[in-house]
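Mind the numbering: the sequence shown is residues 739 to 1274 in the numbering used here, read in order.
For glycine and all other residues, C-beta sits at the position ideal for the given N, C-alpha and C.
Bear in mind the structure is a predicted one, so any value in this text is a computation, not a measurement.
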Amino acid sequence: MTDAAPSGRRGRNARRERRQAGPAGQAVPYISRAITNYEILSEEGAQRIEANADRILSEIGLEFRDDPEVLDIWKKAGAKVDGERVRFEKGMLREVVKTAPAQFTQHARNPARNVEIGGNNLVFAPVYGPPFVTDLDQGRRYGTIEDFRNFVKLAYMSPWMHHSGGTVCEPVDLPVNKRHFDMVYAHIKYSDKPFMGSVTAPERAEDSVKMAQITFGDDFVDQNCVMIQLINANSPLVYDATMLGALKVYARHNQACIVSPFILAGAMSPVTVAGTLSQVLAEALAGCALTQLIRPGAPVVFGAFVSSISMQSGAPTFGSPEGSLLLNGAAMLARRLNLPFRSGGSFTASKIPDAQSAQESAQTILATLQSGVNFCLHSAGWLEGGLCSSYEKFILDADQLGMMHVLAKGIEVSDETLAMDALQEVGPGGHFLGAAHTQRNFESAFYRSSVADNNSYEQWEAEGAQDMAQRANTLWKKWLAAYQEPELDPGIDEALPVEGAGEEFDQSAFVARSDRSLRRIAGHDDRLMAAASPEG
């Protein structure tokens, strides 16, 4: 006969098991901050940086390479075009971006998952772009479409992740010119959260729009944002044909672009924070303005991916104080333009989910919350300076995101939270464990980590003496085992590219099948339009 566990311990263990079993894709709203933005840049400092950016734009200018159409757009708008170099009069771009919305809705195929981008809102999206993946079982390896689907499922399962993201890892087992179909399909099929489209070629951007039209309907896509995509400047002061091509496609279709300089300060910008912020402002302002010349009112986000390098080795560094200063200053500059802002994440240069990765990621994600970021890419799963998507790091980062949700609420002051009844009940020298107020609130009183161990040394040892990475390894497997696919209209699913299309995928057949299916499910568009209207 075995000894029965004490009822208190059994209850605690049962609650912990429920927390770790997987949140089953529950919908937790995006963050609406109840705290003020922390600003460290003075009014005078902001004005001087803006004036410096104006000088960059007017005296140096930017190059828009291999895209005559964009050069023609700038020329017609009144910019000075000299070959591929474009210069802008002071104030011109600021006037152009006034048509961009300060806040917009990105619609998910499940309206309960819609997110508001801008204002006091913060949306968390997972890691983006790594060619490698890693976990404690198989180690570091090239990503596959199976890994891609797993990360989509984990992002769907996490209650603290509001967005499915984009290239959560590169599925290198699929051909480059076809893999975007499988990637976008995975976001639509395995999650009902908002997602990102492909930007690696203009035709792939068009394919992404077509898939969104199948999912949401042509008219709905034309009038509403259903995708957001990352458009990087090729810093310093260059936009290349690939990014310009994707930007044009999405702006014309009224889909959101995150115009984001990608800068490692000291190599791609000056070594100073003020000089780098001047360059960030000039590059982002030009890209954001271009979207408005293509389609006034199209949603656009001022982005900034900025970190530093080691001046000894040239390697990228993350979690540095300069990185936080750059993030904070860029957020203030975006607000002064009345544009939504993208930056931040759970960055680290560490190769494994260790103390370095925790320290560097916590430094950046806290600054992300406090600085007023609206859209946060790379919020979970980032390792090795962005070269690797980590299963264990994803779980550890997601736990930190839960803490950010609590911090963002600030301090609630009410009769219940002032707890006068508890103070009167307990009085001097007592304790609050059995107080009625404690009993009413203990379940929701404090954030409960899904991976931290707060037990005694003896209990920790008896349970296997695991570190956080090992506990995260157990947890991501539980989440995937508990995953349940969200419902998808069969007509939409049939019209989308099939999984594993690879080299056999026939794009012309896809387009023809899409048109037939769109006609068959025409009512789907009307239902979505009604739901998106103020009365819907």
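Separation of residue j from residue i, as counted between CA atoms
i: Ala-846; j: Glu-941; result: 23 angstroms
i: Arg-1251; j: Gln-785; result: Because the pLDDT at Arg-1251 is just 47, under 50, the model does not fix this residue reliably, and the value given afterwards should be weighed accordingly. Using only the alpha carbons, I get a separation of about 54 angstroms.
i: Arg-1073; j: Ala-1200; result: 52 angstroms
i: Gln-1101; j: Met-1158; result: 36 angstroms
i: Ala-815; j: Val-1039; result: 21 angstroms
i: Thr-1014; j: Tyr-894; result: 36 angstroms
i: Ser-1188; j: Met-921; result: 29 angstroms
i: Tyr-768; j: Pro-849; result: 13 angstroms
i: Ala-1012; j: Ile-787; result: 7 angstroms
i: Ala-1042; j: Ser-973; result: 11 angstroms
i: Thr-1176; j: Gln-1138; result: 25 angstroms
i: Gln-1197; j: Arg-1209; result: 15 angstroms
i: Leu-1134; j: Leu-1104; result: 15 angstroms
i: Gly-821; j: Asp-804; result: 10 angstroms
i: Lys-927; j: Gln-1222; result: 11 angstroms
i: Ser-1051; j: Gly-1123; result: 14 angstroms
i: Ala-1174; j: Arg-851; result: 36 angstroms
i: Ala-984; j: Gly-904; result: 14 angstroms
i: Asp-1263; j: Pro-864; result: In this prediction, Asp-1263 scores a pLDDT of 44, lower than 50, which makes its location untrustworthy; the coordinate-derived value is nonetheless stated afterwards. If I take the Cα positions, the gap works out to 29 angstroms.
i: Val-997; j: Asp-810; result: 20 angstroms
i: Pro-868; j: Lys-931; result: 21 angstroms
i: Ala-1136; j: Ala-1096; result: 12 angstroms
i: Ala-1003; j: Thr-980; result: 23 angstroms
i: Arg-878; j: Leu-1125; result: 10 angstroms
i: Asn-1211; j: Thr-882; result: 19 angstroms
i: Gly-1202; j: Lys-916; result: 45 angstroms
i: Pro-1235; j: Glu-944; result: 14 angstroms
i: Met-934; j: Met-949; result: 12 angstroms
Rounded Cβ spacing between residue i and residue j (contact assumed at less than 8 angstroms)
i: Cys-963; j: Thr-1055; result: Rounded, the Cβ-Cβ distance is 34 angstroms, inconsistent with contact.
i: Met-1142; j: Leu-1115; result: With a Cβ gap of about 15 angstroms, Met-1142 and Leu-1115 do not count as contacting.
i: Pro-1037; j: Pro-839; result: 6 angstroms
i: Val-824; j: Leu-800; result: 6 angstroms
i: Leu-1145; j: Lys-1131; result: Not really, about 21 angstroms apart at Cβ, beyond 8 angstroms.
i: Asn-858; j: Ser-1109; result: That pair is no contact at about 12 angstroms.
i: Ala-1160; j: Phe-1170; result: 6 angstroms
i: Ala-1020; j: Ile-794; result: 4 angstroms
i: Glu-833; j: Gln-841; result: Between Gln-841 and Glu-833 the Cβ distance is about 20 angstroms, and since that is not below 8 angstroms, they are no contact.
Counted within 10 angstroms of its Cβ, other Cβ atoms place residue i as buried (16 or more) or exposed
i: Asn-1112; result: buried
i: Asn-1192; result: exposed
i: Asp-875; result: exposed
i: Glu-781; result: exposed
i: Pro-909; result: buried
i: Arg-771; result: buried
i: Ala-742; result: In this predicted model, Ala-742 has a pLDDT of only 38, less than 50, meaning its place in the structure is not dependable enough to derive any value.
i: Leu-1065; result: buried
Residue i - containing alpha helix (DSSP H), residue span
i: Ser-1095; result: 1093–1109
i: Cys-1126; result: Note, Cys-1126: premise wrong, no alpha helix (DSSP H); beta strand (DSSP E) at 1126–1128.
i: Cys-1026; result: 1011–1032
i: Ala-971; result: It is not in any alpha helix (DSSP H) - Ala-971 instead sits in the beta strand (DSSP E) that spans 966–971.
i: Gly-1229; result: 1228–1233
i: Arg-1074; result: 1059–1074
i: Gly-983; result: 979–990
Minimum C-alpha distance to residue i - residue among the options
i: Leu-982; options: Phe-826, Trp-812, Lys-927, Asn-1179; result: Trp-812
i: Tyr-1129; options: Thr-872, Leu-1156, Lys-836; result: Thr-872
i: Phe-870; options: Arg-887, Ala-838, Cys-907, Leu-892; result: Cys-907
i: Ile-773; options: His-1169, Ile-1149, Asn-1192, Val-1164; result: Ile-1149
i: Lys-1216; options: Val-937, Asp-960, Lys-891; result: Lys-891
i: Asp-1227; options: Val-937, Thr-953, Ser-780, Ala-817; result: Thr-953
i: Gly-1061; options: Cys-1126, Ile-1001, Ser-902; result: Ile-1001
i: Phe-826; options: Lys-818, Ala-939, Arg-832; result: Lys-818
i: Ile-969; options: Tyr-1221, Ser-1095, Arg-1080; result: Arg-1080
i: Pro-913; options: Leu-1023, Thr-938, Trp-898; result: Thr-938
i: Gln-993; options: Asp-960, Lys-1089, Ser-1084; result: Asp-960
i: Gly-856; options: Arg-887, Gly-1067, Pro-1078, Asp-885; result: Pro-1078
i: His-925; options: Asn-1076, Ala-1053, Phe-889, Ile-794; result: Phe-889
i: Thr-1010; options: Leu-1218, Val-853, Ile-1047; result: Ile-1047
i: Asp-978; options: Ser-946, Gly-1025, Pro-932; result: Gly-1025
i: Trp-1286; options: Asn-1076, Asp-956, Lys-916, Ala-1118; result: One cannot answer for residue 1286 here, as it falls past the ends of the chain, which runs 739 to 1274.
i: Met-1070; options: Ala-1093, Ser-1016, Glu-1163; result: Ser-1016
Range of the contiguous beta strand (DSSP E) that encloses residue i
i: Leu-860; result: 859–862
i: Phe-870; result: 870–873
i: Asp-820; result: 818–820
i: Phe-1000; result: 994–1003
i: Thr-843; result: 841–844
i: Tyr-776; result: Note, Tyr-776: premise wrong, no beta strand (DSSP E); not H, not E.
i: Arg-878; result: 877–880
Near the ligand ADP: residue i beta-carbon under 6 angstroms from a heavy atom
i: Leu-892; result: Ligands displayed in this structure: none; no statement on the ligand ADP is therefore possible.
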